[in-house]
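If you read the sequences in order, they're chains F and P.
According to the numbering used here, the residues represented by the first sequence are 1 to 267, in order.
According to the numbering used here, the residues represented by the second sequence are 1001 to 1267, in order.
No residue lacks a Cβ here, since even glycine has one placed at the ideal position from N, Cα and C.
Notes follow once the structure below has been shown.
Number of protein chains: 2
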Amino acid sequence: PAPAPVVVASNKRFEERAKIAVNPMATKLFNLMASKKTNLAVAADLTNKQEILNLAESIGSEICVLKTHIDIIEDYDQTFISALEAIASKHNFLIFEDRKFADIGNTVKYQFENGVYQISKWAHMVTVHGVAGSAIIEGFKDGLKQNGSGLLLLAQMSSKGSMCVGEYTNQMIEMANNNKEQVMGLICQERLQSMTDNLVLMTPGVQFNSTGDKMGQQYNTPEYIIKEKNTDIIIVGRGIYQNSQPKTEAIKYRAASWNAYESKNFN
Amino acid sequence: PAPAPVVVASNKRFEERAKIAVNPMATKLFNLMASKKTNLAVAADLTNKQEILNLAESIGSEICVLKTHIDIIEDYDQTFISALEAIASKHNFLIFEDRKFADIGNTVKYQFENGVYQISKWAHMVTVHGVAGSAIIEGFKDGLKQNGSGLLLLAQMSSKGSMCVGEYTNQMIEMANNNKEQVMGLICQERLQSMTDNLVLMTPGVQFNSTGDKMGQQYNTPEYIIKEKNTDIIIVGRGIYQNSQPKTEAIKYRAASWNAYESKNFN
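In C-alpha cells, the structure reads:
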C-alpha cells in the first residue's frame, strides 16, 4: 500500500495567502475572510427561492460564501439571481454554484455560459470534477473572464465509497497546479503537502452533531476539519438550514471554525 | 503495469439480451433496437429548442436514442418536453438526458426529480458519474420508478486524459453489477469481459472523419467501435447535427453501425 498522505498546516494567514493566490477570486475570498473574520460557508440546499433568500438574509452577516444548487429550485427565474446578488453585496459574501461540471470541454462551455441559468454571469465560483481530463479547463476559460471567477476542483468527497482518493486526488492537485489562473481552490477533506498556499481549501460534510444520512453522506466537526485536517473553510448544510434558528446556529459554527483557525501557528 | 484489459464480444443478439436485462428500460431499448434495426444514438447538442425539435423530426426514423443536454437550451420551457415526447413517440426512439449527475445521494435526488427540469418525469435514461461512491444510486431509486427509467454509469470517457480508466472503470462495472435494477448500461469505449449481457453499452466520440477538437475530445469510427471494441450503440454528435444534411448523414451512420453489428458472430 502507498504511504499514508501527509496532512500539514499552512503557516500563512489568509491575508498573506491573498497575495500568493493567482486566480483573482481566490485573492478576493482570502481577503474577505481576513477582514470579515469568518471561514464559514453555508450550503443552501433548499428548493424554493424565497426560502433561500430568507436564509441568505438571515445568515449573510456570518458567512464568507453561500453555496447554491441552482438546478434544484422549483420556482427559479432570473429575479432570483438579482435578489441573491443584492443580499450578497449587502452582507459581503460570495456566491458558489456547486454545479459539479463533469463533461467534456465543449459541453461544459455551454453548460457554464448558456442555457437557462447562465451560471458564468453570476457565480463567483463553481465546482468541477476533473474526471473527463484536464482539457475540461479549456471549456471554462472564456466564461471565467466575465466575472474574474474561479474553479474549485473536487479532490476529495465526504461521501462513503468516494472514488476521489489516492492517485485521483493527486491528479486533481496537479490539475490545479497546472491551471492556477482558472483554479482558485479545492474541495477536499484534508490539506495534503502538495496543496499549495495559493489554493482555497473548502470542506463539506461538516456538522456539530451527526454521523451521516441514509445516502452515504458522512460528517465531521468544524474544529476537526480546521484544526486537525488543516483546510480553510467549512461548508455546513443541513446543520444550519434545517435548524429552526439558522442564524443562531451560523453564529456558533462561525465562532467554532474561526477560533480553530486563529488557534493555529502562523509565521 | 496491470495486464491490458480483455475486449470481448457478446455472443447474443439484442433480442436475447432484452430477456436477460433486469432494468425495464434496458429491456425496452434492446427490443427497440432489434425491431427498428438501428443502434445509432444522436447527441443533439444544440442550444435552441426549435433546432433540436427539427433535428429530432428529421432523423427520428433512423435512431434508437436521442441524447440531450437540457441545461444548454437558451429558450427552454415545458412545451419543449411535450413536443420532444411527441416526436419520440411518433418515430419510436428513447430520450437520454446526459446530465452526468455527480453529487452525493441527497443532492442528486433533488437534481433528478425537482427543479426547473424535473428530469425524472421525462428522461428514459440519464448518465451518472459514480465518483461520489455507490450510495449515489440511492438518490435515484424513487425517481426511476416514475418512468421505469434507467441509469447509465460512466465507466470510460472519450476525452483526452480521462480519469475513467483502470481501477475506476472496474469499480463502475461493479457498481452496475450491484445495482442491476437501477443501472441499465454503461458509457464506455470498449466491452470488457466483466461487462455482462444485461447492460447496454453506449459509446460517444464517434465520427467518420475527425481526429478531435481543441478541448480534448477524440473520435473513432462506427465500424471500429461496434466491430473491434464490441459495444452496442454509437453516439454521434457533431458528425450529424453540424452537417448541412443531418438525415442523409444519419442514414449513413445507421447503416455503418447496424451492418457492423450484423456482421458479428452470434450463438
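Environment of residue i [buried if 16+ CB atoms lie within 10 Å]
{"i": "Ser-120 of chain F", "result": "buried"}
{"i": "Ala-1086 of chain P", "result": "exposed"}
{"i": "Ser-1089 of chain P", "result": "exposed"}
{"i": "Lys-1214 of chain P", "result": "exposed"}
{"i": "Lys-1252 of chain P", "result": "buried"}
{"i": "Thr-1211 of chain P", "result": "exposed"}
{"i": "Phe-1030 of chain P", "result": "buried"}
{"i": "Asn-23 of chain F", "result": "buried"}
{"i": "Gly-166 of chain F", "result": "exposed"}
{"i": "Ser-1263 of chain P", "result": "exposed"}
{"i": "Phe-266 of chain F", "result": "exposed"}
{"i": "Ala-1171 of chain P", "result": "In the sequence as presented, Ala is not what sits at residue 1171 of chain P; that position holds Gln. Answer is buried; the Cβ neighbour count reaches 16."}
Terminal residues of the beta strand (DSSP E) in which residue i lies
{"i": "Phe-93 of chain F", "result": "That residue, Phe-93 of chain F, is in no beta strand (DSSP E); it is neither H nor E in DSSP."}
{"i": "Thr-68 of chain F", "result": "65–68"}
{"i": "Ala-1102 of chain P", "result": "Segment: none, Ala-1102 of chain P is in no beta strand (DSSP E) and carries neither H nor E."}
{"i": "Gly-269 of chain F", "result": "In this structure chain F extends from 1 to 267, so residue 269 of chain F is not present and cannot be described."}
{"i": "Met-1125 of chain P", "result": "1125–1128"}
{"i": "Leu-1040 of chain P", "result": "1040–1043"}
First through last residue of the alpha helix (DSSP H) which encompasses residue i
{"i": "Pro-204 of chain F", "result": "Where Pro-204 of chain F is concerned, there is no enclosing alpha helix (DSSP H), although the beta strand (DSSP E) it sits in stretches over 200–206."}
{"i": "Leu-154 of chain F", "result": "Counting along the chain, Leu-154 of chain F falls outside any alpha helix (DSSP H), though it belongs to the beta strand (DSSP E) covering 150–154."}
{"i": "His-221 of chain F", "result": "The amino acid occupying residue 221 of chain F in the given sequence is Thr; His does not appear at that position. Where Thr-221 of chain F is concerned, there is no enclosing alpha helix (DSSP H), given that its DSSP letter is neither H nor E."}
{"i": "Gly-1105 of chain P", "result": "1105–1113"}
{"i": "Gly-1185 of chain P", "result": "First-last for Gly-1185 of chain P: 1183–1187, but that is the beta strand (DSSP E), not the alpha helix (DSSP H)."}
{"i": "Ile-240 of chain F", "result": "238–241"}
{"i": "Thr-248 of chain F", "result": "246–262"}
{"i": "Thr-1027 of chain P", "result": "1024–1036"}
{"i": "Phe-1014 of chain P", "result": "1014–1020"}
{"i": "Gly-1143 of chain P", "result": "1141–1147"}
{"i": "Pro-58 of chain F", "result": "According to the sequence as given, residue 58 of chain F is Ser; it is not Pro. Its alpha helix (DSSP H) spans residues 49–59."}
8 Å contact criterion, which residue i and residue j should meet: CB distance rounded
{"i": "Ala-1345 of chain P", "j": "Ser-159 of chain F", "result": "Lying before the first or after the last residue shown, residue 1345 of chain P is absent from chain P, which here runs from 1001 to 1267."}
{"i": "Asp-1142 of chain P", "j": "Arg-1017 of chain P", "result": "No, Asp-1142 of chain P and Arg-1017 of chain P are not in contact; Cβ-Cβ is about 27 Å, not under 8 Å."}
{"i": "Lys-1036 of chain P", "j": "Cys-1064 of chain P", "result": "6 Å"}
{"i": "Lys-49 of chain F", "j": "Phe-93 of chain F", "result": "Lys-49 of chain F to Phe-93 of chain F, Cβ: 17 Å. No contact."}
{"i": "Ala-1256 of chain P", "j": "Glu-1228 of chain P", "result": "Going by Cβ atoms, the distance from Ala-1256 of chain P to Glu-1228 of chain P rounds to 13 Å, so no, they are not a contact pair."}
{"i": "Gln-1182 of chain P", "j": "Leu-1151 of chain P", "result": "5 Å"}
{"i": "Arg-1238 of chain P", "j": "Gln-1207 of chain P", "result": "7 Å"}
{"i": "Met-25 of chain F", "j": "Ser-134 of chain F", "result": "Contact flag wrong, Cβ pair sits at about 20 Å."}
{"i": "Ala-176 of chain F", "j": "Leu-153 of chain F", "result": "5 Å"}
{"i": "Ala-56 of chain F", "j": "Ala-43 of chain F", "result": "Ala-56 of chain F to Ala-43 of chain F, Cβ: 12 Å. No contact."}
{"i": "Leu-1046 of chain P", "j": "Ala-1083 of chain P", "result": "With 8 Å as the limit, Leu-1046 of chain P and Ala-1083 of chain P do not qualify as a contact, their Cβ atoms being about 14 Å apart."}
Check whether the segment 1007–1014 of chain P touches the segment 246–266 of chain F, taking contact to mean three or more Cβ pairs, one atom from each stretch, closer than 8 Å. no
Which residues, taken in chain order from the segment 124–136 of chain F, show a beta carbon closer than 7 Å to some beta carbon of chain P? His-129, Gly-130, Val-131, Ala-132, Gly-133, Ser-134 and Ala-135
Pairs of beta-carbons, one from the segment 1101–1118 of chain P and one from the segment 68–76 of chain F, closer than 8 Å: are there three or more? yes
Give me the subset of the segment 1198–1231 of chain P whose CB atoms are less than 9 Å from a CB atom of chain F, sorted by chain position. Pro-1204, Gly-1205, Asp-1213, Lys-1214, Met-1215, Gly-1216 and Gln-1217
What residues from the segment 98–123 of chain F come within 8 Å of chain P, judged by C-beta to C-beta, listed N to C? Asp-98, Lys-100, Ala-102, Asp-103, Ile-104, Gly-105, Asn-106, Thr-107, Lys-109, Tyr-110, Gln-111, Asn-114, Gly-115, Val-116 and Tyr-117
Under 7 Å, CB to CB, which of the residues in the segment 150–178 of chain F have a partner in chain P? Met-157, Ser-159, Lys-160, Gly-161, Ser-162, Met-163, Cys-164, Tyr-168 and Gln-171
Contact the segment 229–246 of chain F vs the segment 199–209 of chain F: 3+ CB pairs below 8 Å: yes
Compile a chain-ordered list of the residues in the segment 233–250 of chain F whose CB is closer than 7 Å to at least one CB of chain P. none
Using Cβ-Cβ distances below 7 Å, what residues of the segment 61–84 of chain F are close to chain P? His-69, Asp-71, Ile-72, Ile-73, Glu-74 and Tyr-76
Which residues, in order along the segment 11–45 of chain F, keep a beta-carbon less than 7 Å from a beta-carbon of chain P? Asp-45
Does the structure place the segment 1256–1266 of chain P close enough to the segment 1028–1044 of chain P that three or more beta carbon pairs sit under 8 Å? yes
Taking beta-carbon pairs under 7 Å, can you tell me which members of the segment 177–192 of chain F lie near chain P? none
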